[in-house]
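One structure below.
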Amino acid sequence: MKQEFMEKLQAMRTMLGPIKINSGYRCRKHPEEAKKDNPGAHNQGLAADIQATDGYTRFKVLQAAFRCQMQGIGIANSFIHVDDGHEFAPRPTQWNYS
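Numbering (the numbering used here), first residue to last: 4 to 101.
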């Protein structure tokens with residue numbers, strides 16, 4: 004994991020209290036990474052998926068992600084993806100997994 008990203012993730016943890024990371028670094032052989040033409044932010048050590056299973060938690064995680072200037076933010080029903088950008092995708096951006 005990249006140091007600057009980890010510092011932002013720690014800042015989010017300081018704001019939120021304990022958090023559960025569902026996914027962090029992924030090697031190229033990980034099923035999600037293997038589907039991609041180019042490495043994703045997880046493979047580059049620049050992303051994490053934070054468990055957020057209810058609306059209140061998702062809202063609080065989103066607030067912290069914006070305050071910590073995360074460059075990529077993806078909203079799912081059970082997690083929030085945060086990343087610090089990478090060379091193969093335009094940033095900053097937000098999206099929904101639906």
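A virtual CB, placed ideally from N, CA and C, is assigned to each residue, including glycine.
Where does residue i land, buried or exposed, given buried means 16+ other C-beta within 10 angstroms?
i: Phe-91; result: exposed
i: Cys-71; result: buried
Residue j and residue i - do their beta-carbons sit closer together than 8 Å?
i: Phe-69; j: Asn-25; result: no
i: Ala-37; j: Ala-44; result: no
i: Asp-52; j: Met-73; result: no
i: Lys-23; j: Gln-54; result: yes
How long is the line joining the alpha carbons of residue i and residue j, rounded to whole angstroms?
i: Ala-67; j: Pro-93; result: 21 Å
i: His-84; j: Ile-78; result: 7 Å
i: Trp-98; j: Gly-58; result: 16 Å
i: Lys-32; j: His-89; result: 19 Å
i: Asn-80; j: Ser-101; result: 9 Å
i: Met-9; j: Pro-95; result: 18 Å
i: Glu-35; j: Thr-56; result: 21 Å
i: Glu-7; j: Ala-14; result: 11 Å
i: Lys-39; j: Gly-27; result: 17 Å
Assuming residue i and residue j form a contact by the criterion Cβ under 8 Å, report the distance between their Cβ atoms to the nearest whole angstrom.
i: Lys-5; j: Gly-75; result: About 14 Å separates the two Cβ atoms, so there is no contact after all.
i: Cys-30; j: Asn-46; result: 7 Å
Original post:
Do the stretch 52-67 and the stretch 13-31 touch if we need at least three Cβ pairs shorter than 8 Å?
Top reply: Segments in contact, yes.
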